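Reviewing the structure listed below.
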Amino acid sequence: MKSTKFTPARHLTKEEIDRKWWEVGDYFRRNSLWMLMYCTGCCAIELPPAMTSAYDMERLGMGPMATPRQADILLVSGYLSLKTLRRLIYTYEQMSEPRYVVGLGSCPINGGIYHDSHAVINQLDQYIPVDTYVAGCMPNTESVMNGFVDLMEQIKNKTAVGWKKYKDNYEWYRKNQIAALGEVDIHDEFHE
Amino acid sequence: MVLNILIGIGVALFGFILQTSVAGVNRKIIARVQKRYGPRWYQEFLDIFKLLSKRSVTHGWIFDFGVIMALGGIIATAMFMPITSTILAFQNYDNFFIFVYLLAVGMLGMAMSASGSGNPFASIGVMRALTTMLAYEVPFMIIVLTIINLSGTSSLSGIALYQQATGNNIFLIALPLGGIVAVLSLMGMLGKKPFETYIAPAEIASGPMVEYGGKQLGMLFIMHEITVFIEVSLFVHLFLGGATNIFEFLIKYFLTYTAVNLISNVNGRLKIDQVVVFFYKWPLFLAIIQAVIAIYFGWVI
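Top to bottom, those sequences are chains W and A. According to my numbering, the residues represented by the first sequence are 59 to 250, in order. According to my numbering, the residues represented by the second sequence are -5 to 295, in order.
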């Protein structure tokens, strides 16, 4: 027979409460991902069919946003020259946390067809943390959508922690950025 | 008094939940118009709570204070809104001019906060928003003053009761030219597509909202939903004869917002000078003709 005595309530520690709230936040975050599209390469052509009636990204709660402050995902589609890398780092650092990065195509993974160019970086992961890659040159639209669903799974499993990695290993990322660019924050009349 | 304030806060909360749901359903309707599947109907709630769950940066205390002022001002405005003739927080304080004045508090809070961010796009957006306001308010005011002249009262529930009286048509039918002007002005107020110049995501990067992210943007979204609730409810009370019960109000509200949204989504965007010229040309002309034939000739259907 079951005891009629009440078991004493178990008090949650502060970490457990924080974790529970974070899980609640993760539910909202993964169901409403807003993208900032950094379209530098040819893979950007796969995004119009993903957004319009063929694949309809909005049914997953995703949508394009106008500025980095409002966005959750930084979508890097295609190769990054050294000039655009600096702007990409500015953009990434402007986004509000938690922020995620999706690399589209083979150029952010290993340089793609531009791997031997002096003006193009080969691995994006050296400069900013990337959560999901969509491989292919270029990836078709199904795999682009699949990449976003993968990112949602990662947020659910708490493995999309690129923004934490960037904070913890900031020195390392900064060293790589300086090695590639010489100077990350430029001080002249156009950047003040 | 405490009970009145509680009812007022309830009205504001009701407006927020109603408009957020209706906006979500409308996103689905628009998706179907564009042959897409569309998001879930509660997507707008997810968006707002996600924004509130994010970390955000600040650009100085004016930036933060302006957001709070905007949200507080809009909630204070919504507290005066009658839902039906009987559900009304503050009896005798539902005057049309109270809404005109109090809406400005929220708008100015947002303008102050956006300017405080220091981004030039935000300043351009605020300037465009105020210019658009200047454009649509003149014809809208002429029509509303005609209505006040005809019904002899400026209280929203009084105007609604006047239209519900036997023998009187609702003002959308009684003043057909004025009805057209009112729909156009409502689209300007809501920032719907032909008059969307101050948001313009592709042109000035969403205008006043350009520097907002995280919690501040979430609060602005809540503010925006309540503002839309106030503006559509004003239209329902002034031109559609208010409501005798809450279901009638819900139906009228949903139909008004959906119709405006459908018109909006088959239109492109005008430039800011085109918006001003448009409002000062046809709606102003129609509004003056309507006022003259309604007040001096007494021709009311």
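Cβ coordinates follow ideal geometry from the N, Cα and C atoms, glycine included. From a predicted model like this one, the values you see are computed outputs, not experimental measurements.
- Message: Quick check on the DSSP output: the alpha helix (DSSP H) that includes residue 104/A runs from which residue to which?
- Response: As a working note, residue 104/A is residue 110 in the second sequence. The continuous alpha helix (DSSP H) containing residue 104/A extends over residues 90 to 110.
- Assuming residue 297/A and residue 223/A form a contact by the criterion Cβ under 8 Å, report the distance between their Cβ atoms to the nearest whole angstrom. No information on residue 297/A is available, as it lies outside the stretch -5 to 295 that chain A covers here.
- Item | Interface flag, residue 290/A vs chain W, CB-CB below 8 Å | For the purposes of this step, residue 290/A is identified with residue 296 of the second sequence, where counting begins at 1. With its beta carbon at least 8 Å from every one in chain W, residue 290/A lies outside the interface.
- Message: Judging by CA-CA distance, which residue of 268/A, 236/A, 184/A and 278/A is the nearest neighbour of residue 257/A?
- Response: As a first step, residue 257/A must be located in the second sequence, where it is residue number 263. Measuring from the Cα of residue 257/A, the nearest candidate turns out to be 184/A.
- Item | Other residues of its chain near residue 178/A: CB distance less than 6 Å, five sequence neighbours each side excluded | Taking the second sequence and counting its residues from 1, one reaches residue 178/A at position 184. Taken in chain order, the residues that qualify are 277.
- Task: Leaving aside the five residues before and after residue 170/W along the sequence, list all residues of the same chain whose C-beta is less than 7 Å from its C-beta, in chain order.
- Result: Counting from one through the first sequence, the residue named residue 170/W turns up at place 112. Only 137, 163, 164 and 195 meet the Cβ criterion.
- Under 6 Å Cβ to Cβ from residue 98/A, same chain only, skipping five residues before and after it: list those, please. Translated into positions along the second sequence, residue 98/A becomes position 104. Cβ neighbours of residue 98/A within its own chain (closer than 6 Å, five residues either side excluded): none.
- Item | Selection from -1/A, 172/A, 18/A and 33/A that minimises the alpha carbon distance to residue 280/A | The sequence position of residue 280/A within the second sequence is 286, counting from 1. Sorting -1/A, 172/A, 18/A and 33/A by C-alpha distance to the C-alpha of residue 280/A places 172/A at the top.
- Look up residue 161/W in the DSSP assignment and give the residues it is bridged to. In the first sequence, the residue the question calls residue 161/W occupies position 103. DSSP lists 134/W and 191/W as the beta-bridge partner residues of residue 161/W.
- Message: Tell me whether the stretch 119 to 135 of chain A and the stretch 182 to 197 of chain A touch, counting them as touching only if at least three CB pairs, one residue from each stretch, are closer than 8 Å.
- Response: With a cut-off of 8 Å, the stretch 182 to 197 of chain A and the stretch 119 to 135 of chain A count as touching, because enough Cβ pairs lie within range.
- Test: residue 83/W CB closer than 8 Å to a CB of chain A: Within the first sequence, the letter at position 25 stands for residue 83/W. Between residue 83/W and chain A, the shortest Cβ-Cβ separation is below 8 Å.
- What is the residue span of the beta strand (DSSP E) that residue 94/W lies within? Counting from one through the first sequence, the residue named residue 94/W turns up at place 36. Membership of residue 94/W in the beta strand (DSSP E) is indicated by the continuous run 92 to 97.
- CB contact check: residue 119/A to chain W, cutoff 8 Å: In the second sequence, residue 119/A corresponds to position 125, counting from 1. Not one chain W Cβ lies under 8 Å of residue 119/A.
- Task: Output yes if chain A places a C-beta closer than 8 Å to the C-beta of residue 106/W; else output no.
- Result: Locating residue 106/W in the first sequence gives position 48, where the first residue counts as 1. So no, residue 106/W is outside the interface.
- What do you reckon, are the CB atoms on residue 234/W and residue 184/W nearer than 8 Å? Counting from one through the first sequence, the residue named residue 234/W turns up at place 176. Counting from one through the first sequence, the residue named residue 184/W turns up at place 126. Yes, the pair counts as a contact, with Cβ atoms nearer than the cut-off.
- Query: Any idea what DSSP makes of residue 122/W, helix, strand or coil?
  - Reply: The residue labelled residue 122/W in the question sits at position 64 within the first sequence. In this structure, DSSP gives residue 122/W an extended state, which the three-state scheme calls strand.
- Candidates 58/A, 162/A, 148/A and 37/A, of which the one nearest residue 93/A by Cα: Sequence index remark: in the second sequence, residue 93/A carries index 99 (1-based). Closest option to residue 93/A, Cα to Cα, is 148/A.
- With 8 Å set as the bound, which would you pick, yes or no: does the beta-carbon of residue 135/W sit closer than that to a beta-carbon of chain A? Here residue 135/W refers to the residue found at position 77 of the first sequence. No, residue 135/W does not count as interfacial toward chain A.
- Query: What residue from 217/A, 162/A and 61/A has the CA that sits closest to residue 234/A's CA?
  - Reply: Counting from 1 along the second sequence, the entry for residue 234/A is found at position 240. Answer by Cα proximity: 162/A.
- Are the C-beta of residue 168/W and some C-beta of chain A separated by less than 8 Å? As a position in the first sequence, residue 168/W is number 110, starting the count at 1. Interface annotation, residue 168/W: not in contact with chain A, CB-CB separation never under 8 Å.
- Task: Thinking residue 220/A and residue 9/A are a contact (beta carbons under 8 Å), I'd like their distance in whole angstroms, please.
- Result: Here residue 220/A corresponds to residue number 226 of the second sequence, with the count starting at 1. Here residue 9/A corresponds to residue number 15 of the second sequence, with the count starting at 1. Going by Cβ atoms, the distance from residue 220/A to residue 9/A rounds to 5 Å, so yes, they are a contact pair.
- Taking just the CA atoms, how far does residue 197/W sit from residue 101/W? As a working mapping, residue 101/W is identified with position 43 in the first sequence. As a working mapping, residue 197/W is identified with position 139 in the first sequence. As the crow flies, the alpha-carbon of residue 101/W is around 7 Å from that of residue 197/W.
- Message: Residues in the same chain with beta-carbon distance under 8 Å from residue 181/W, minus the five sequence neighbours each way, listed in chain order, please.
- Response: Here residue 181/W refers to the residue found at position 123 of the first sequence. Only residues of its own chain outside the window of five on either side were considered, and among them 166, 167, 168 and 169 have a CB closer than 8 Å to the CB of residue 181/W, listed in chain order.
- Task: Just the C-alpha distance for residue 84/A and residue 247/A, rounded to the nearest angstrom, thanks.
- Result: By 1-based counting over the second sequence, the position of residue 84/A is 90. By 1-based counting over the second sequence, the position of residue 247/A is 253. For residue 84/A and residue 247/A, the distance between alpha carbons rounds to 21 Å.
- Message: For a contact defined as C-beta to C-beta under 8 Å, what are the partners of residue 119/W on chain A?
- Response: The residue labelled residue 119/W in the question sits at position 61 within the first sequence. Result: 33, 34, 37, 40 and 41.
- Message: I'd like to check one pair, residue 47/A with residue 87/W: are the Cβ atoms closer than 8 Å?
- Response: Within the first sequence, numbered from 1, the residue matching residue 87/W stands at position 29. Within the second sequence, numbered from 1, the residue matching residue 47/A stands at position 53. Yes.
- Apart from the five residues on each side of it in sequence, which residues of its chain come closer than 8 Å, Cβ to Cβ, to residue 282/A? Within the second sequence, numbered from 1, the residue matching residue 282/A stands at position 288. Result list for residue 282/A: 136, in chain order.
- Message: Here's the rule: buried if 16 or more other CB atoms are within 10 angstroms of the residue's CB, otherwise exposed. What is residue 145/W?
- Response: Within the first sequence, the letter at position 87 stands for residue 145/W. Per the 10 Å Cβ criterion, exposed.
- Message: With a threshold of 6 Å on Cβ separation, who are the neighbours of residue 52/A within its own chain once the five nearest residues in sequence on each side are excluded?
- Response: Within the second sequence, numbered from 1, the residue matching residue 52/A stands at position 58. Once the five neighbours on either side are set aside, the close Cβ partners of residue 52/A are 58.
- Examine chain A for any beta-carbon lying closer than 8 Å to the beta-carbon of residue 77/W, and answer yes or no. Start at 1 with the first residue of the first sequence, and residue 77/W comes out as number 19. Not closer than 8 Å to any Cβ of chain A, the Cβ of residue 77/W fails to qualify, so no.
- Can you list, in chain order, the residues of its chain whose CB lies under 7 Å from that of residue 200/A, leaving out five sequence neighbours each side? Indexing the second sequence from 1 puts residue 200/A at position 206. The beta carbon of residue 200/A sits closer than 7 Å to those of 193, all from its chain and outside the five residues before and after it, given in chain order.
- Task: Give every residue of the same chain whose Cβ lies closer than 7 Å to the Cβ of residue 71/A, excluding the five residues on either side of it in the sequence, and list them in chain order.
- Result: As a first step, residue 71/A must be located in the second sequence, where it is residue number 77. Within the same chain, residue 71/A has close Cβ partners 93, 96, 97, 100 and 224.
- Query: What is the DSSP secondary structure of residue 242/W, reduced to helix, strand or coil?
  - Reply: Residue numbering aside, residue 242/W sits at position 184 when the first sequence is read from its first letter. Residue state, collapsed to three classes: coil.
- Message: Distance cutoff 8 Å, beta carbons only. Does residue 74/W sit that close to anything in chain A?
- Response: Here residue 74/W is taken as the residue at index 16 of the first sequence, counted from 1. False, the Cβ-Cβ gap to chain A never drops below 8 Å.
- Residues in its own chain within less than 7 Å of residue 158/A by CB, not counting five upstream and five downstream? Here the question's residue 158/A lines up with position 164 in the second sequence. The beta carbon of residue 158/A sits closer than 7 Å to the beta carbons of 235, 236 and 238 from its chain, once the five residues preceding and following it are set aside; these are given in chain order.
- Buried or exposed for residue 143/A, please, with buried defined as at least 16 other CB atoms from any protein chain shown within 10 angstroms of its CB. Position 149 of the second sequence, counting from 1, holds the residue named residue 143/A. So residue 143/A counts as exposed.
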